[in-house]
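Before any comments, here is the structure.
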Amino acid sequence: MYYHRLGKIPPKRHTQFRQPDGSLYKEEVVSSEGFSGIYSILYHIHPPTRIKAVKEPVKFGPKMIEDYALRQTHLNTSKVATTGEDYLSARKVLLANQDCSLSICSPKQRKMEYFYKNAEGDEVIFVHDGKGTLISPFGKLDIKQGDYVVVPRTVIYKVEFEEGPLRLLIVESASPVETVKRYRNQLGQLLEHSPYCERDIRPPHELISESGKGEFILKIKKQGFLHQYVYDHSPLDLVGWDGFLWPYAFSIHDFEPITGRIHQPPPVHQTFQGRNFVICSFVPRLFDYHPLAIPAPYNHSNIDSDEVLYYAEGNFMSRRGIERGSFTLHPGGLPHGPHPGTVEKSIGAKETHELAVMIDTFRPLHLTTDALEFLDKNYPMSWTDNNANESYNEVNTP
Ligand SMILES: [Fe+2]
Numbered sequence: 001m002y003y004h005r006l007g008k009i010p011p012k013r014h015t016q017f018r019q020p021d022g023s024l025y026k027e028e029v030v031s032s033e034g035f036s037g038i039y040s041i042l043y044h045i046h047p048p049t050r051i052k053a054v055k056e057p058v059k060f061g062p063k064m065i066e067d068y069a070l071r072q073t074h075l076n077t078s079k080v081a082t083t084g085e086d087y088l089s090a091r092k093v094l095l096a097n098q099d100c101s102l103s104i105c106s107p108k109q110r111k112m113e114y115f116y117k118n119a120e121g122d123e124v125i126f127v128h129d130g131k132g133t134l135i136s137p138f139g140k141l142d143i144k145q146g147d148y149v150v151v152p153r154t155v156i157y158k159v160e161f162e163e164g165p166l167r168l169l170i171v172e173s174a175s176p177v178e179t180v181k182r183y184r185n186q187l188g189q190l191l192e193h194s195p196y197c198e199r200d201i202r203p204p205h206e207l208i209s210e211s212g213k214g215e216f217i218l219k220i221k222k223q224g225f226l227h228q229y230v231y232d233h234s235p236l237d238l239v240g241w242d243g244f245l246w247p248y249a250f251s252i253h254d255f256e257p258i259t260g261r262i263h264q265p266p267p268v269h270q271t272f273q274g275r276n277f278v279i280c281s282f283v284p285r286l287f288d289y290h291p292l293a294i295p296a297p298y299n300h301s302n303i304d305s306d307e308v309l310y311y312a313e314g315n316f317m318s319r320r321g322i323e324r325g326s327f328t329l330h331p332g333g334l335p336h337g338p339h340p341g342t343v344e345k346s347i348g349a350k351e352t353h354e355l356a357v358m359i360d361t362f363r364p365l366h367l368t369t370d371a372l373e374f375l376d377k378n379y380p381m382s383w384t385d386n387n388a389n390e391s392y393n394e395v396n397t398p
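Heads up, the sequence shown is in this note's numbering, so the first residue is 1 and it goes up one at a time.
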């Protein structure tokens, strides 16, 4: 991330910075990895420590399936219109391990009557359908279809969505979500061979400085509960902030694909990194241009990772079973690859219009009980059924 500032801040940190009535603004340092990671300095009208009440915590989190067999898995969520009432109750975690979880979220309510903070994980919200505004003390952030919205842990926020289709894929990470290390120079700037650069990363704009009193509910997610805090002032009470830690949006449509003469491996699609997992973007691109190139991927034995693909847009819609909003999980321990007939069929193809998000984890993922209603029981046999040749057309994605 890069340095950004919004609003009023004093010329020197940790010095007197006074409100019009002569009282001090309340300085808060939000730091990651102790004091070793990125941080920002915030200037509040009210002390961020002052609370009005603490209510009873509410259980919150997925139930894992303990005895799910090793198998290729397809979860088809394409038919889902809504997954719950509001932004938190609508989150359905489908896959999870110690490092990350993957949820779908299509809330009925478009506005939140409370603020939310994830105190134990960074969140990457992929906006498959929808448009709206993420409102946080850092300012307003416009979000739209195709955006990855990255919210570092402890950022208080709420989202307001416009009417219309709304479908979110949420990746929650136990570790900081970062740009890809090999694309950064030693000072953190994104290099020339990176598929995106700082210009593509959209910071919050338009600070909201609410000074009045009232009752404001903050739901804090931590260790299997939503903890409910009540404040007597708005969390949106900043007059300014600066630093490297802030929520941002990056559109998958601004990811510039890396192509080659022969089939390029999945790391060229990498977009973000977390500890023990990566997030990759498969975007419309030209296919390989060696005269004997095979655009379809080879069979792949991913010996120490689980591979999840979320299908957003593209020609997979003609495949039997795989639809817009499908997840496939190809677990480590089993080879996966193109469906019968599709390798020959791919030869000569010039381009793909697919759009997909891939999450590869280096520790096994577990299905949740919420995932079962989306399970396609026939998927493990889809490489064997020759009648499926034309419909299962896994040409492009790995
Ligand atoms: Fe693969």
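Idealized CB from N, CA, C, for every residue including glycine. Source: prediction; values computed, not measured.
Where does residue i sit, in a helix, a strand or coil, going by DSSP?
{"i": "Met64", "result": "strand"}
{"i": "Ile252", "result": "helix"}
{"i": "Asn76", "result": "strand"}
{"i": "Ala53", "result": "strand"}
{"i": "Lys181", "result": "helix"}
{"i": "Leu24", "result": "strand"}
{"i": "Pro331", "result": "coil"}
{"i": "Tyr2", "result": "coil"}
{"i": "Asp370", "result": "helix"}
{"i": "Ser36", "result": "coil"}
{"i": "Ser175", "result": "coil"}
{"i": "Ser234", "result": "coil"}
{"i": "Ile135", "result": "strand"}
{"i": "Pro165", "result": "coil"}
{"i": "Thr342", "result": "helix"}
{"i": "Gly7", "result": "strand"}
{"i": "Asn118", "result": "strand"}
{"i": "Tyr157", "result": "strand"}
{"i": "Tyr43", "result": "strand"}
{"i": "His269", "result": "helix"}
{"i": "Arg405", "result": "The shown model of the chain, from 1 to 398, leaves out residue 405, and the question about it has no answer."}
{"i": "Tyr196", "result": "coil"}
{"i": "Met358", "result": "strand"}
{"i": "Tyr310", "result": "strand"}
Spatial neighbours of residue i within its chain, please: CB distance less than 7 Å, with the 5 preceding and 5 following residues excluded, ordered by chain position.
{"i": "Arg13", "result": "Ile41"}
{"i": "Lys222", "result": "Ala119, Glu120"}
{"i": "Arg363", "result": "Asn97, Gln98, Asp99, Asn276"}
{"i": "Gln109", "result": "Glu85, Asp86"}
{"i": "Leu24", "result": "Gln16, Phe17, Arg18"}
{"i": "Lys59", "result": "Gly224, Phe225"}
{"i": "Val343", "result": "Ile294, Ala296"}
{"i": "Gly132", "result": "Ile143, Val159, Glu160, Phe161, Glu162"}
{"i": "Lys213", "result": "Asp232, His233"}
Can you tell me the Cβ-Cβ gap for residue i and residue j, rounded? I've got them flagged as a contact below 8 Å.
{"i": "Glu198", "j": "Leu190", "result": "6 Å"}
{"i": "Arg167", "j": "His227", "result": "Arg167 to His227, Cβ: 28 Å. No contact."}
{"i": "Leu238", "j": "Gly7", "result": "6 Å"}
{"i": "Leu169", "j": "Leu329", "result": "So it is not a contact: roughly 14 Å between Cβ atoms."}
{"i": "Leu439", "j": "Phe327", "result": "Within the shown structure, residues of the chain are numbered from 1 to 398, placing residue 439 beyond reach of any answer."}
{"i": "Leu207", "j": "Gly139", "result": "5 Å"}
{"i": "Pro335", "j": "His300", "result": "6 Å"}
{"i": "Val155", "j": "Ser136", "result": "5 Å"}
{"i": "Lys117", "j": "Ile217", "result": "Not quite, the Cβ-Cβ distance comes to about 11 Å (not below 8 Å), so this is no contact."}
{"i": "Met64", "j": "His366", "result": "5 Å"}
{"i": "Gly274", "j": "Tyr39", "result": "Contact doesn't hold; Cβ gap of about 19 Å is too wide."}
{"i": "Gly130", "j": "Ile252", "result": "About 14 Å separates the two Cβ atoms, so there is no contact after all."}
{"i": "Ala356", "j": "Ala312", "result": "6 Å"}
{"i": "Gln72", "j": "Pro265", "result": "Not confirmed; about 20 Å, so no contact."}
{"i": "Phe115", "j": "Tyr196", "result": "That belief does not hold up - the Cβ atoms of Phe115 and Tyr196 are roughly 30 Å apart, past 8 Å."}
{"i": "Thr83", "j": "Ser106", "result": "5 Å"}
{"i": "Val448", "j": "Thr361", "result": "The structure shown does not extend to residue 448, since the chain is modelled only from 1 to 398, so the question has no answer here."}
Can you name, in chain order, every residue of its own chain whose Cβ lies under 6 Å from the Cβ of residue i, other than the five neighbours on each side?
{"i": "Val268", "result": "Ile258"}
{"i": "Pro47", "result": "Lys26"}
{"i": "Ile279", "result": "Thr271, Phe272, Ile359"}
{"i": "Ile45", "result": "Ser211, Asp237"}
{"i": "Thr77", "result": "Ile104, Gly325, Phe374"}
{"i": "Phe282", "result": "His269, Glu354, Ala356, Thr397"}
Taking all protein chains shown into account, decide if residue i is buried (16 or more other Cβ within 10 angstroms of its Cβ) or exposed.
{"i": "Ser211", "result": "exposed"}
{"i": "Ser305", "result": "buried"}
{"i": "Pro11", "result": "exposed"}
{"i": "Phe35", "result": "exposed"}
{"i": "Ser408", "result": "No answer is possible for residue 408: the residues shown for the chain start at 1 and end at 398."}
{"i": "Gly348", "result": "exposed"}
{"i": "Asn393", "result": "Residue placement at Asn393 cannot be trusted, given a pLDDT of 41 that sits under 50; what the coordinates show is reported in the next sentence. Counting Cβ neighbours within 10 Å, Asn393 comes out buried, since at least 16 surround it."}
{"i": "Tyr148", "result": "buried"}
{"i": "Lys181", "result": "exposed"}
{"i": "Ile262", "result": "exposed"}
In its own chain, which residues sit with a C-beta less than 8 Å from the C-beta of residue i, not counting the 5 before and 5 after it?
{"i": "Met112", "result": "Asp86, Tyr87, Lys158, Val159, Glu160"}
{"i": "Glu215", "result": "Lys52, Val230, Tyr231, Asp232"}
{"i": "Arg285", "result": "Pro257, Thr259, Glu351, Thr352"}
{"i": "Ile303", "result": "Gly332, Gly333"}
{"i": "Asp122", "result": "Val150, Val151, Pro152, Arg153, Glu172, Ser173, Ser175, Pro176, Val177, Gly274"}
{"i": "Glu33", "result": "Pro176"}
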